[in-house]
Amino acid sequence: MLVGFGVLAARSTGRFDAAQPALPTFPVVPTGAPTPGSLSTPPPATEAPTAVASVAPTALQKPAAAKPTAAATRRATAATTPRPTSPPAASTRGGVTPTPSAAGGEPAMAAGAAATAAAAAPAAPTTSQGAATVGSVMLTFDAGADRGYAEDILDTLADEHVVASFGITGNWARANADLVRRMAADGHLVFNHTLDHRSFTGVSDSLGGLSAAARRAELDEADAIIAPLIGHSTRPFYRLPYGDDDPHVAADVAPDGYTRKIGWTVDSEGWRGLQSTDILARCMKLAASGAVYVFHVGRESQDGIALPQVIHGLREKGYGFKRVDS
Ligand SMILES: [Zn+2]
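So the sequence shown is numbered by the working numbering: it starts at 194 and just counts up by one.
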């Protein structure tokens with residue numbers, strides 16, 4: 194097993210998002226939000242905020258999503274095998290097993306996820322396989338390393354008529370402008386994941402953390418790159434690199450319009466090298482109304498491979514899909 198090596202390698206090469214080497218020791222989790230260690234347990238229904246935003250169905254959420262297209266089927270089949278150009282993530286990792294506290298790539302953000310989950314409410318019927326709709330879940334994808342499976346993920350979401358949310362770094366947007374434009378064109382939310390994925394606190398990258406001004410600059414500079422591609426600012430939505438948070442972050446970035454911190458309640462752990470079958474099992478086990486899933490588009494994660502089955506599985510459980518801003 195070489196997980197430790199993989200993490201260190203990723204860290205040293207700056208491929209942060211693909212590996213999410215975060216082993217936070219300073220998770221700031223507001224009361225009521227899932228702690229890193231509790232990520233294996235779906236948030237109690239009682240923790241679901243009551244502030245509810247009505248689900249705004251979009252064309253992409255039509256029941257038509259039920260029938261996978263031939264393309265989707267083909268892709269799903271092909272996706273069962275990692276692309277030859279990239280060895281299975283597990284083969285390049287393994288070894289050191291992260292401590293339980295590392296259960297989430299960016300566990301501290303679970304707090305934000307809980308807040309985001311506030312928008313989760315019983316949704317209009319969006320399932321298509323006969324199951325009763327029991328609620329909605331939100332799929333989020335972080336992009337900060339390579340193009341990875343981004344295109345496959347977008348294809349899958351389109352075929353399945355599922356809307357999702359993408360957290361991208363400014364650097365990734367600059368290198369993959371075509372994909373960022375498509376995310377927006379396909380109806381997905383594109384939110385700010387900073388310019389270069391520097392840890393705001395320094396906990397996960399040991400680079401010393403960032404001043405309040407530098408934190409705002411990380412978001413503003415990313416927005417300057419992303420906004421022209423999606424046609425509008427990413428404000429007010431942002432996600433912290435590694436989920437590294439502290440009591441000052443919110444106040445530091447609010448002045449520049451970033452007031453909606455996006456977190457998650459379910460980490461697929463694809464970034465840790467989980468095989469697609471395990472990612473699927475984990476995502477099914479932790480499914481809950483209002484859940485916010487975090488996946489990564491990077492090649493080192495098999496999240497993109499597991500996605501078709503994850504979507505099908507969630508549908509069978511009766512869940513619909515919506516963006517984190519809905
Ligand atoms: Zn990230």
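Virtual Cβ for every residue (Gly too), placed ideally from N, Cα, C.
These numbers come from a predicted model, not from an experiment.
- prompt: Three-state secondary structure (DSSP) at HIS390?
  reply: Reduced to three states, the DSSP call for HIS390 is coil.
- request: Can you tell me which of ARG508, HIS354, SER461 puts its alpha carbon nearest to the alpha carbon of GLN495?
  value: SER461
- prompt: Is the closest heavy atom of ligand 1 to the C-beta of ASP335 under 6 Å?
  reply: Between ligand 1 and ASP335, a heavy atom-to-CB distance of less than 6 Å is present.
- prompt: Can you name, in chain order, every residue of its own chain whose Cβ lies under 8 Å from the Cβ of HIS441, other than the five neighbours on each side?
  reply: ALA405
message: Do GLY491 and ALA368 have their beta-carbon atoms positioned less than 7 Å apart in this structure?
response: One thing to note: ALA368 has its Cβ no nearer than 7 Å to the Cβ of GLY491.
message: Between which residues of its own chain and ALA420 is the CB-CB distance below 7 Å, once the five residues before and five after are set aside?
response: SER426, THR427
- prompt: Taking the alpha-carbon positions, what's the ARG391 to ALA415 distance?
  reply: Straight-line measurement puts the Cα of ALA415 at about 12 Å from the Cα of ARG391.
query: Is it the case that the CB of PRO448 approaches a heavy atom of ligand 1 more closely than 6 Å?
result: No, since every heavy atom of ligand 1 falls outside the 6 Å radius drawn around the Cβ of PRO448.
query: How should PRO501 be labelled, buried or exposed, when 16 other C-beta atoms within 10 angstroms of its C-beta is the threshold for buried?
result: buried
- prompt: When the distance is taken between beta carbons, is ARG432 closer than 7 Å to GLY360?
  reply: Less than 7 Å separates the beta-carbon of GLY360 from that of ARG432.
query: When DSSP labels each residue in this structure, what does SER358 get in the three-state scheme?
result: Three-state result, SER358: strand.
message: Less than 6 Å between C-beta atoms, sequence neighbours within five positions excluded: which residues of the same chain meet that for SER469?
response: GLN495, ILE498, ALA499
query: In three-state terms, what does DSSP make of ALA338?
result: coil
task: Taking only the alpha-carbon atoms, compute the straight-line gap between GLY363 and ASP413 and give it to the nearest angstrom.
output: 9 Å
task: Drop a sphere of 10 angstroms on the beta-carbon of ALA448, count the other beta-carbons inside from all chains shown, and report buried for 16 or more, exposed for fewer.
output: It should be noted that the sequence gives Pro, not Ala, for residue 448. Counting other Cβ atoms within 10 Å of its Cβ, PRO448 stays below 16 and is therefore classed as exposed.
- prompt: In the structure shown, what three-state DSSP assignment does ARG492 receive?
  reply: In this structure, ARG492 counts as coil in the three-state DSSP scheme.
task: Out of GLU353, ASP348, ASP389, THR394, point me to the one whose CA is closest to LEU372's CA.
output: ASP348
- prompt: Can you give the beta carbon distance from LEU473 to VAL503, rounded, assuming they're within the 8 Å contact cut?
  reply: 6 Å
query: Distance, Cα to Cα, LEU507 vs LEU382?
result: Each residue's Cα considered, the two are about 20 Å apart.
task: Report the residue from SER329, ALA378, LEU388 whose alpha carbon sits nearest the alpha carbon of ARG408.
output: LEU388
task: Compare the C-alpha of GLU353 against each of ASP518, PHE514, SER519 and name the closest.
output: PHE514
- prompt: Considering GLY363, what are the terminal residues of the alpha helix (DSSP H) in which it resides?
  reply: Element bounds for GLY363: 363-368.
- prompt: If we call anything under 7 Å between Cβ atoms a contact, is VAL485 one with ASP437?
  reply: The beta carbons of VAL485 and ASP437 sit no closer together than 7 Å.
- prompt: If you draw a straight line from the alpha carbon of ALA480 to that of SER329, how long is it in whole angstroms?
  reply: 10 Å
query: Distance, Cα to Cα, ALA306 vs THR394?
result: Because ALA306 carries a pLDDT of 42, less than 50, the predicted location of this residue cannot be relied on, and the following value inherits that uncertainty. Between ALA306 and THR394, the C-alpha separation is close to 19 Å.
- prompt: How far does the beta strand (DSSP E) with LEU412 in it reach, from first residue to last?
  reply: Looking at the DSSP string, LEU412 is not in any beta strand (DSSP E); the run it does join, the alpha helix (DSSP H), is 405-423.
message: Considering only heavy atoms of ligand 1, does any lie closer than 6 Å to the CB of PRO429?
response: no
- prompt: Per DSSP, what kind of secondary structure is TYR431 in: helix, strand or coil?
  reply: strand
- request: Please say whether MET376 and VAL517 have beta carbons closer to each other than 7 Å?
  value: no
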